[in-house]
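Student: I'd like to ask you about the structure that follows.
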Amino acid sequence: MSIKEKLQQIRATIPSHIELVCVSKFHPVESIEEAYACGERIFGENRPQEMAQKAVQLPADIKWQFIGNLQTNKVKIVVPYADLIQSVSNERLFDEIEKVAAKIDKVQKVLIELHVADEESKQGFTPEEAKALLTTDFLSSHPHITICGVMGMATNTDNQEQVRNEFRQLHTTFEQLRDGIFKDMPQFKELSMGMSGDYQIAISEGCTTVRIGSSIFGARQY
Ligand SMILES: *Cc1c(COP(=O)(O)O)cnc(C)c1O
135 MSIKEKLQQI
145 RATIPSHIEL
155 VCVSKFHPVE
165 SIEEAYACGE
175 RIFGENRPQE
185 MAQKAVQLPA
195 DIKWQFIGNL
205 QTNKVKIVVP
215 YADLIQSVSN
225 ERLFDEIEKV
235 AAKIDKVQKV
245 LIELHVADEE
255 SKQGFTPEEA
265 KALLTTDFLS
275 SHPHITICGV
285 MGMATNTDNQ
295 EQVRNEFRQL
305 HTTFEQLRDG
315 IFKDMPQFKE
325 LSMGMSGDYQ
335 IAISEGCTTV
345 RIGSSIFGAR
355 QY
């Protein structure tokens, strides 16, 4: 099946109010051009250099989202190109994004990455850590960052009940933050969860954004 046909299939299963991030990591610019020709404008990447190289070769109206593990020393590569950084997973990243964004006079949109999966390998704040970190003082000391919501991943398992429970935890934490510290900040509205294998569950658990790669572009060659 072509990328166009796969996109049509996927799009048919996603309600129109949900944002689709086409995860193009490890796929060539030609594949992104195919998806772009179908009307897709939001692409997700997880390696800083790869995102920057693709961004300069492809149309300027693409919204690049960084979704991967981000090292502090790579923030300066990502901030100039990223419409949104979904994977802010520790406090040092907030400080570095603030510094880099201030230098280029940008307000960087981010999501807070939460860790709810049953896997050590995944990044992110626990719900408790996120709630403790996000105070009025913290927000006002990072004026070049706009926090637009939360992102998370479920455990990579066939146990659908576990996946559903983890998405529920993300949704609950999202609501607690939205109705708490962010209650007067309408830009805090995104709940990014769901990938090729579990996005239907994520949609039924109330996500606003899904991040789909292999079901659109095929298997990645690492
Ligand atoms: C790679 C990746 C995806 C997409 O995964 P697929 O299974 O290919 O859909 C989504 N989110 C994150 C954070 C990723 O790293």
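Count along the sequence shown from 1, add 134, and you get the number used in the numbering used here.
Beta carbons are placed, not taken as given, at the ideal position from N, Cα and C, and that holds for glycine.
Under three-state DSSP, which class holds residue 266?
Tutor: helix
Student: Once DSSP output is grouped into helix, strand and coil, what is the label at residue 330?
Tutor: Coil at residue 330, not helix or strand.
Student: Answer yes or no: the CB of residue 207 versus the heavy atoms of ligand 1, is any distance below 8 Å?
Tutor: Checking the 8 Å criterion, the Cβ of residue 207 is out of range of every heavy atom belonging to ligand 1.
Student: Per the contact definition of three or more C-beta pairs closer than 8 Å, is the stretch 279-287 in contact with the stretch 315-329?
Tutor: yes
Student: Quick one: is residue 135 buried, meaning 16 or more other Cβ sit within 10 Å of its Cβ, or exposed?
Tutor: exposed
Student: Who pairs with residue 178 in a beta bridge, going by DSSP?
Tutor: 157 and 199
Student: Helix, strand or coil for residue 308? Go by DSSP, reduced to three states.
Tutor: helix
Student: The alpha helix (DSSP H) spanning residue 165 covers which residue range?
Tutor: 163-171
Student: Within 10 angstroms of its Cβ, does residue 161 collect 16 or more other Cβ (buried), or is it exposed?
Tutor: By the Cβ neighbour-count rule, residue 161 is buried, with 16 or more other Cβ atoms within 10 Å of its own.
Student: Rounded to whole angstroms, what's the CA-CA distance from residue 335 to residue 176? Just pull it up for me.
Tutor: So the two alpha carbons sit approximately 21 Å from each other.
Student: Have a look at 208, 327 and 339 and flag the residue whose alpha-carbon is nearest the alpha-carbon of residue 157.
Tutor: Nearest of 208, 327 and 339 to residue 157, Cα basis: 327.
Student: Can you give me the C-alpha to C-alpha distance between residue 352 and residue 217, rounded to a whole angstrom?
Tutor: 25 Å
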